[in-house]
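> Residue numbers (the numbering used here), protein chains in the order written: chain A, 1 to 357; chain B, 1 to 357. Have a look at this one before I ask anything.
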């Protein structure tokens, strides 16, 4: 079955446009990101290069998968939204990427995640101390890169990045606390995801404009676009975390179920009424006390996924992705910007909700 | 025997003056620091309050030992050095304390240290994830507090703090790498200590002046004072880490030897010529391969300490403390500032090299 959020497929030419936007963001920001990481003292530069997928665990250069690079693309489009050249957004793109990767390094360690982007995580390869230290270094570097721009607008940008980072940390704190709780409401889950994913996409979407001298109202509107885009992104991620194709996502089958994640489809299903929701609640309550969940068969996870779907958790999350997508586009109404940039921001939003990884 | 660095004892009235300066720094900055920490979402606010010694592990308020508070005192004096009111330095004092405590939270976890200031460390009480997370939050909060000041000078201050934080992280990286190496030179050890201790004291000593509008030359001179003060501070710390009185320092006897730290007295002793240095090198090389060092008797550690002293490591480190102290005072020559502030900075420098904890 095609999930509801994929029924709104972008036209092929629009997808090509998004590919070009992502590629541009990557091409323009990566050299600056690499130069920033090269500033780190050994062995932190090597550990960071491994994390970014530029070298393998033995130090050999790779042409590895460096992620979708949605954030750098947004930061450059954000500069254009303020009427500035895309280059103006580069320090913002790099700073946001550094903060994003700081959080990945620390979160993977806190969560005990052993794999990211088909590779062993930094703490698995280089040890917990390096994961902490290099995370810290990337965070510091993010501020350094932005403050080196030296303008009042750069100070405004740094302040927004700091606010976003604080929310990111709040989101991770909430996510950790959810693990120890039996029940999480849909509202709490959305708040956590808004902090953990929305805040930094909001920052990416506004930081280029701020660096380009946009006023606060424009920056706030772009931030709202990015925030809701982030929530749409996360809703899709939550769908892929259960029903995604492992060969495409790079994660295990039923990945979020294996990790007992209280993601949106799960909390939405548990909030529903009816036999499926009740049966799911019973199963998950038993699972929570069972350390052997890692040894469950494919069928056992498939049963849980079927109950989540039957209780409406999959459909609700698909609809939520579309609602957040629509709210993101709405946020751009009334903001004056070049028409091409507006269309690009629309196309990127479409891409975010219609993806398979 | 009175160590050489204590032969230069400050007069009692000067010590009273320093006590008052430290108390003023603590009194003026702590309420703002507490308000900043209160911004953290639960449970991070509680974990941070435990770390700062404001509450115990069960959440009850304490009137615990919150450290010497040299950094806040310096930040306020730094504002006065620029002719500003001490209050102008408060956001700087708070930001530096936040960065300092971010590094303590992460370092204690990376180093596996179970005790700090006579209490269990955060990772022991609240777990590794909270130590990482709350450290991150304090770092972000430091930038937030400074950037909220909103002036161009605050941007300059944030940039200096970011530079200092990067050095702090470099120093921790060096410290960790030293653990895995057989030999460390005196030069490498001083560079590590300059990064790990000097850089943040340098920032504390200049940040108030920057916030008060001082030019870069004045800020740089104050930074040099703080940097060498930090190296003097660390040299004394390294002496106390071996020969300190456990009841006063709050650490175990022979604390740094138990932890196999390649601190200044050790590397200076190993760099010396003669029978004691050779015997010490043999013992430490054997210790490095011995996981049972934790079970050594007091006598075994006392033997090593005696060899370090015989090889001249204790005397060299005492002299180094005095050299750095002199260089710190020299840095202030030629900087115009109120005479009282200059005397206060001198008195604080004396205090740093003549202390027992």
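All C-beta atoms in this analysis are idealised placements derived from N, C-alpha and C, irrespective of residue type, glycine included.
(1) Please classify residue 91 (chain B) as buried or exposed, where buried requires at least 16 other C-beta atoms within 10 Å of its C-beta.
(2) Please report the residue range of the alpha helix (DSSP H) in which residue 324 (chain B) lies.
(3) So, for residue 196 (chain B): in the same chain, excluding its five sequence neighbours on each side, which residues have a beta-carbon less than 7 Å away from its beta-carbon?
(4) Give the secondary structure of residue 115 (chain B) by DSSP, where H, G and I count as helix, E and B as strand, and everything else as coil.
(5) Would you call the CB atoms of residue 98 (chain B) and residue 138 (chain B) closer than 7 Å?
(6) At a Cβ cut of 9 Å, what residues of the region 20–48 of chain B count as close to chain A, listed as they run along the chain?
(7) Taking all protein chains shown into account, do 16 or more other C-beta atoms lie within 10 angstroms of the C-beta of residue 248 (chain A), making it buried, or fewer, making it exposed?
(8) Can you list the residues of chain A that residue 106 (chain B) reaches, using a CB-CB cut of under 7 Å?
(9) Could you pull out every residue in the same chain whose Cβ sits closer than 6 Å to the Cβ of residue 225 (chain A), ignoring the five residues on either side in sequence?
(10) Which stretch, first to last residue, makes up the alpha helix (DSSP H) that contains residue 132 (chain B)?
(11) Distance check for residue 133 (chain B) and residue 286 (chain A), CA to CA, integer angstroms please.
(12) What does the Cβ neighbour count give for residue 72 (chain A), buried or exposed, with the cut at 16 atoms within 10 Å?
(13) If the cut is a Cβ gap below 8 Å, which residues of chain B does residue 192 (chain A) touch?
(14) Going by beta-carbon coordinates alone, are residue 352 (chain A) and residue 221 (chain A) separated by less than 7 Å?
(15) To which residues does DSSP link residue 120 (chain A) through a beta bridge?
(16) Below 8 Å between beta carbons is the criterion; list the residues of the region 159–184 of chain A that meet it against any residue of chain B, in chain order.
(17) If you reduce the DSSP assignment to three classes, tell me which class residue 61 (chain A) lands in.
(18) Would the region 151–169 of chain B count as touching the region 119–131 of chain B if we require 3 or more Cβ pairs under 8 Å?
(19) May I ask whether a heavy atom of the ligand PLP can be found less than 6 Å away from the beta carbon of residue 347 (chain B)?
(20) What's the gap between the Cα of residue 319 (chain A) and the Cα of residue 236 (chain A)?
(21) Less than 7 Å separating the beta-carbons of residue 160 (chain A) and residue 140 (chain B)?
(22) When you compare each of A:338, A:16, A:23, A:135 to residue 52 (chain A) by their alpha carbons, which one comes out closest?
(23) Run through the DSSP bridge pairs and tell me what residue 308 (chain B) is partnered with.
(24) For the 8 Å Cβ check, are there 3 or more pairs between the region 17–31 of chain B and the region 251–266 of chain A?
(25) Flag this pair as yes or no: are the beta carbons of residue 75 (chain B) and residue 208 (chain B) separated by less than 7 Å?
(26) What first and last residue would you give for the alpha helix (DSSP H) that runs through residue 263 (chain A)?
(27) Using a Cβ-Cβ cut-off of less than 9 Å, list which residues of the region 266–290 of chain A approach chain B; keep chain order.
(28) Which partner residues of residue 207 (chain B) appear in the DSSP bridge assignment?
(29) In chain order, which alpha helix (DSSP H) runs of at least 4 residues are fully inside the region 263–295 of chain A?
(30) Taking the alpha helix (DSSP H) that residue 340 (chain A) belongs to, which residues open and close that run?
(31) With 16 as the cutoff for other CB atoms within 10 Å, does residue 1 (chain B) come out buried or exposed?
(32) Leaving out the 5 sequence neighbours to the left and right, which residues in its chain are closer than 7 Å to residue 214 (chain B) when beta-carbon positions are compared?
(33) Checking 7 Å against the spacing of the C-beta atoms, do residue 100 (chain A) and residue 200 (chain A) come in under that value?
(34) Between the region 269–285 of chain B and the region 307–321 of chain B, do at least 3 Cβ pairs fall closer than 8 Å?
(35) Between which two residues does the alpha helix (DSSP H) holding residue 45 (chain A) run?
(36) Applying a beta-carbon distance threshold of less than 8 Å, which residues of chain A neighbour residue 144 (chain B)?
Let me lay it out:
(1) It is buried - the Cβ of residue 91 (chain B) has at least 16 other Cβ atoms within 10 Å.
(2) Where residue 324 (chain B) is concerned, the enclosing alpha helix (DSSP H) stretches over 313–332.
(3) So the qualifying residues of the chain are 168, 171, 172, 175.
(4) Assigned with DSSP and collapsed to three states, residue 115 (chain B) falls in strand.
(5) Contact flag set, yes.
(6) Within the region 20–48 of chain B, the residues whose Cβ lies closer than 9 Å to some Cβ of chain A are 39, 40, 41, 42, 43, 44, listed in chain order.
(7) Residue environment: residue 248 (chain A) is assigned as exposed (fewer than 16 neighbouring CB atoms within 10 Å of its CB, all protein chains considered).
(8) Ordered by position in chain A, the residues that pass the 7 Å Cβ test against residue 106 (chain B) are 132, 136.
(9) Excluding positions up to five away in sequence, the list reads 205, 328, 331, 332.
(10) Counting along the chain, the unbroken alpha helix (DSSP H) around residue 132 (chain B) starts and ends at 128–147.
(11) Going by the C-alpha atoms only, they are around 30 Å apart.
(12) When all chains shown are included, residue 72 (chain A) counts as buried.
(13) Going along chain B, no residue has its Cβ under 8 Å from residue 192 (chain A), so there is no contact; the nearest lies around 11 Å.
(14) Contact: no.
(15) According to DSSP, residue 120 (chain A) shares a beta bridge with A:115.
(16) Cβ contacts with chain B come from 159, 162, 163, 165, 166, 169, 170, 172, 173, 174, 176, 177.
(17) It is a strand residue.
(18) The region 151–169 of chain B makes no contact with the region 119–131 of chain B; the number of CB pairs closer than 8 Å stays below 3.
(19) As presented, the structure is devoid of all ligands, the ligand PLP included, so that no description of it is given.
(20) One C-alpha to the other measures close to 10 Å.
(21) Going by C-beta atoms, residue 160 (chain A) is not nearer than 7 Å to residue 140 (chain B).
(22) Comparing Cα positions, the closest option is A:135.
(23) DSSP links residue 308 (chain B) through a beta bridge to no other residue.
(24) Taking a contact to require three or more Cβ pairs closer than 8 Å, the region 17–31 of chain B and the region 251–266 of chain A do not qualify as touching.
(25) Yes; because the gap between Cβ atoms is below 7 Å, this pair is in contact.
(26) Where residue 263 (chain A) is concerned, there is no enclosing alpha helix (DSSP H), given that its DSSP letter is neither H nor E.
(27) Going along the region 266–290 of chain A in chain order, one finds no residue with a Cβ nearer than 9 Å to chain B.
(28) Answer is none; residue 207 (chain B) lacks a bridge partner.
(29) Whole alpha helix (DSSP H) segments, 4+ residues: 264–271, 275–288.
(30) Residue 340 (chain A) -> alpha helix (DSSP H) spans 339–353.
(31) Any answer about residue 1 (chain B) is weak, because its pLDDT of 38 lies below 50 and its placement is not dependable; what the coordinates show is given next. It counts as exposed.
(32) Only residues of its own chain outside the window of five on either side were considered, and among them 82 have a CB closer than 7 Å to the CB of residue 214 (chain B), listed in chain order.
(33) Cβ distance < 7 Å, so residue 100 (chain A) and residue 200 (chain A) count as in contact.
(34) Counting C-beta pairs closer than 8 Å gives three or more between the region 269–285 of chain B and the region 307–321 of chain B, which meets the contact rule.
(35) Element bounds for residue 45 (chain A): 44–51.
(36) In chain order: 159, 162, 163, 166.
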